[in-house]
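Numbering (the UniProt record's numbering), first residue to last: 1 to 270.
Even glycine gets a Cβ: it sits at the ideal position worked out from N, Cα and C.
Single-structure report; data block below.
Next up, the structure:
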């Protein structure tokens, strides 16, 4: 089996959390230098001209942009002319491909009320309308799962599988799916045609592990499943160093270890 991925990318949240732990306030240029040193090829950001130029100066490309929306609300309340389309245009101009839309929690962060089936249906319709709006830009729209409970995680999944247009994909966040009690590997097996992007993090229960090598998620099996479906997208790291996982290495070291491990897995599948 041969897997021709676009490359390795990284989101920014985990980096900012680690800088905070270390008492640092780096410039974007310093952040991008760290990302490049870790061995990734791209970053997932809102690529304003200044940030896109800074990333390019460090040898990085733009994989995608993450936008959080209260997708369960009526479409008009989302105001995509302000909340989505400007970032989508910047992403297209920067040469990125993945517009990742998060289904923000009902009630707000830290509350996560249970969404109704009607709200999951509304999410699917809203995703379809967003996809249609950005289609001329050549972007792939996918839903990012962020729910930490099974009811909302499975409902968000249905938003795509049952209630959105076929063009809407899944950005599978391995860590959050696991925390919610779901099996992200099974999602890949059941819905291969929807798999569009990934956020990669390993877990010990609800606590993220320091890198991808350790944890309850079999990352080697993940690579096997992606090879089996012919996945050709980005693999984006979302490592998360926290006080409760007591990281022993830097973020640069752990992203590099994770990337080298996945490269070895992919090599062994060839």
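Q. Just curious, the beta strand (DSSP E) that residue 140 is in, first and last residue?
A. 140–144
Q. Exposed or buried, residue 116, counting other C-beta atoms within 10 Å across all chains shown (16 or more means buried)?
A. exposed
(Q) Which residues does DSSP list as the beta-bridge partners of residue 159? (A) Note: residue 159 sits in no beta bridge, so no partner.
Q) What residues in its chain sit with their C-beta under 7 Å from that of residue 185, if we drop five residues either side in the sequence? A) Same-chain partners within the cutoff: 221, 222 and 225.
Q: Ignore the nearest five residues each way along the sequence and tell me which others in residue 18's own chain have a CB closer than 6 Å to its CB.
A: 241 and 251
Q) With distances taken between CB atoms, is the gap from residue 129 to residue 72 smaller than 8 Å? A) no
Q. What are the boundary residues of the alpha helix (DSSP H) that includes residue 60?
A. From DSSP, residue 60 is part of no alpha helix (DSSP H); its letter is neither H nor E.
Q. What three-state label does DSSP hand residue 240 in the structure shown?
A. coil
Q) The beta strand (DSSP E) spanning residue 9 covers which residue range? A) 7–10
Q: Mind checking who residue 103 pairs with in its DSSP beta bridge?
A: 69
Q.
Quick check: residue 80 and residue 133, are their CB atoms within less than 8 Å of each other?
A. Taking the C-beta atoms as reference points, residue 133 is found nearer than 8 Å to residue 80.
(Q) I'd like to check one pair, residue 211 with residue 291: are the Cβ atoms closer than 8 Å? (A) Any answer about residue 291 is impossible in this case: the structure gives the chain only from 1 up to 270.
Q) How long is the line joining the alpha carbons of residue 126 and residue 84, rounded to whole angstroms? A) 12 Å
Q. Three-state secondary structure (DSSP) at residue 3?
A. Reduced to three states, the DSSP call for residue 3 is coil.
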